[in-house]
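In what follows, a single structure is set out as structure tokens and then discussed.
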Amino acid sequence: MDIRAERAEDISAVHKVNMAAFERENEADLVDRLRSVASTVSFVAVEFEQIVGHIFYSPVEIEGECADNLFILGLAPLAVLPEHQRQGIGASLIQHSVEECARLGCKAVVVLGHPEYYPKFGFVPAKEKGLRCEYAVPDEAFMVLELARGALKGCSGTVKYRSEFREFE
Ligand SMILES: CC(C)(COP(=O)(O)OP(=O)(O)OC[C@H]1O[C@@H](n2cnc3c(N)ncnc32)[C@H](O)[C@@H]1OP(=O)(O)O)[C@@H](O)C(=O)NCCC(=O)NCCS
């Protein structure tokens, strides 16, 4: 299995992976809308030339107190084809892509997701770092991973996703 940056020719397969994993169109359509936004990051997992997994990041804003121009990405969505789940593909996608996010200058990644899954990769409840989600979600479901030590020191505020997210809720 290979993890690599998404290419133009992957777009339709990536759409299908998201549709299959989430059993609806919202996440697949959201990715198609966000792809042209600056500073998005998209990686695919490839097995025998088939795209079996996908991870996407888009920039978020902090409304509140934080260091100026802090580059933070929101991880969403993460999808693995149902028949390929529980084989470590999601884990590989996360581990590989967060390194790339750090190389791009991103200081932290937030995620709204399964609270039993993301802590395996170092995510902690965002509340512990002073960050709230703009949506009404359980505290433990909104998590953050600092990519630079102390990047979120003194931060306090609400994380706002791109407006496109509200269209695909
Ligand atoms: C969530 C998802 C991306 C995980 O991908 P995956 O390739 O199956 O996950 P991995 O095989 O890498 O699992 C890594 C670890 O997490 C565990 N895990 C996998 N899915 C999990 C889940 N939904 N909840 C809790 N733990 C989970 C695995 O058992 C494994 O643990 P281990 O290393 O201790 O054995 C995949 O199940 C999926 O596409 N689900 C549907 C879409 C979705 O919910 N996306 C995430 C939105 S937050």
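Position 71 of the sequence shown, counted from 1, bears residue number 67 in the working numbering, the numbering being contiguous throughout.
From the three backbone atoms N, C-alpha and C, an ideal C-beta is built for every residue, glycine too.
Computed from a prediction, not measured in an experiment: that's the story for all the values here.
Taking non-hydrogen atoms of ligand 1 into account, the C-beta of Lys12 is found less than 8 Å away from none of them. Closest option to Gln83, judged by alpha-carbon separation, among Thr36, Val10 and Ala41: Ala41. The stretch 60 to 68 makes no contact with the stretch 3 to 14, as fewer than three CB pairs between them are under 8 Å. Beta-bridge analysis with DSSP links Asp(-2) to Val42. The Cβ atoms of Pro73 and Arg158 do not sit closer than 9 Å to each other. Comparing C-alpha distances from Ile90 to each of Ala9, Leu143 and Ser35 shows the shortest one belongs to Leu143. With a threshold of 16 other beta carbon atoms within 10 Å, Val76 meets it and is buried. Restricting attention to Ala63, Met139 and Ala104, the CA atom closest to the CA of Phe119 is found in Met139. Of Ser152, Lys123 and Gly49, the smallest CA-CA separation from Ile(-1) is found for Gly49.
The beta-bridge partner set that DSSP reports for Cys129 consists of Val155.
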